[in-house]
Every structure is written in C-alpha cells, then in structure tokens.
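Visitor: Quick one: the structure is below, questions incoming.
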Amino acid sequence: MILPDKVQKIADNVPGKYYVDIRCIGCNVCAEIAPENFRSDLEEGHEYICKQPTTETEEALCLEAMEICPVNAIGNDGVLE
Ligand code: SF4
C-alpha cells in the first residue's frame, strides 16, 4: 500500500493537518465528497486542501475522502497550525 508522503505535499494546500500530495491524479472525487475543503486546480490537474476542516461534519467528510482516494494521495498527519 502506498502511503501519502507529507514531504511531497502539493504547495497549494493551506497549512494544517490535511494535505494532498503529488500523487493526486485529479479525479475530483474528494472535492465532490468534501467541497468545502478540497478545490480543483484545473491547470495543474490536481486537487488541494483549500480549507482545513473546522466542524465534525467537515472532518468526517475529509476522512471519507481520504479513505476513498484511489491513489492514497490525501494525508491527515500534517502539522496542526
Ligand atoms: S480523490 Fe485523491 S486522486 Fe482524486 S482528486 Fe482527490 S486527492 Fe486527487
């Protein structure tokens, strides 16, 4: 199993626990699940964290997105700000 690598975070992620790494293939599933927290960079063809989750609902949706990501490109072990 490939694990997310926080050393290879996409630069657009806002600081905090959740991040998308460079393995993202831009399938858009995470943004459909958690639209408040994931945003598409259409030019670069990937998603990034635009807002860290601040409610239990957002946290649950981010976790769901992380579990369903087909290439395990979402991590939640980044530094808490
Ligand atoms: S689900 Fe994973 S591969 Fe798909 S856009 Fe989100 S981070 Fe990228």
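Residue 65 in our numbering sits at position 60 of the sequence shown, and the numbers go up by one each step.
Where is the CB? At the ideal position from N, CA and C, for every residue including glycine.
In this text, all values refer to a predicted model and were calculated from it rather than measured experimentally.
Please confirm whether residue 48 and residue 36 have their CB atoms less than 9 Å apart.
Guide: no
Visitor: Starting from residue 46, follow its DSSP beta bridges and name the residues at the other end.
Guide: 51
Visitor: Please classify residue 19: does DSSP put it in a helix, a strand, or coil?
Guide: Residue 19: coil per DSSP, three-state reduction.
Visitor: Please list the terminal residues of the continuous alpha helix (DSSP H) segment that includes residue 62.
Guide: Start and end: 61 to 73.
Visitor: Since residue 1 and residue 25 are thought to touch, with beta carbons under 8 Å apart, how far apart are those beta carbons, to the nearest angstrom?
Guide: A question about residue 1 goes unanswered here, because the residues of the chain that appear run from 6 up to 86.
Visitor: Between the alpha carbons of residue 75 and residue 69, how many angstroms are there, rounded?
Guide: 12 Å
Visitor: Leaving out five residues on either side along the sequence, give the residues of the same chain with a beta carbon under 6 Å from the beta carbon of residue 28.
Guide: 76 and 78
Visitor: Say yes only if the C-beta of residue 76 is nearer than 8 Å to one or more non-hydrogen atoms of the ligand SF4, and no if none qualify.
Guide: yes
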